[in-house]
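Chemist: Encoded as structure tokens, here's the structure I'll be asking about.
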């Protein structure tokens with residue numbers, strides 16, 4: 238699920254806690270990285286951080 242990244246703002250993202258390699262790459266690029274466990278939702282095939290949101294308005 239490394240490709241499933243939720244952008245919150247420029248250089249600020251949410252990813253799965255288990256994506257350690259991706260997290261390290263993002264941190265090297267000076268990104269703020271928020272993680273979550275996702276054991277019950279994401280890792281069982283229900284979707285990553287972008288699939289868990291319901292955007293109403295994009296500004």
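Residue numbers (the numbering used here): 238 to 296.
Positions of the beta carbon are idealized from the N, C-alpha and C atoms, including for glycine.
Ignore the nearest five residues each way along the sequence and tell me which others in residue 285's own chain have a CB closer than 7 angstroms to its CB.
Modeler: The answer, listed in chain order, is 238, 241, 253, 279.
Chemist: Do residue 268 and residue 250 come within 8 angstroms of each other at the CB atom, strictly closer than that value?
Modeler: The answer is yes: Cβ separation under 8 angstroms.
Chemist: Can you say whether residue 259 is buried or exposed, counting buried as having 16 or more other CB atoms within 10 angstroms of its CB?
Modeler: With 16 or more Cβ atoms within 10 Å of its Cβ, residue 259 is classed as buried.
Chemist: Quick one: what's residue 270 bridged to in DSSP?
Modeler: Paired residue(s): 250.
Chemist: Going by the DSSP bridge assignment, what does residue 243 pair with across the sheet?
Modeler: 251.
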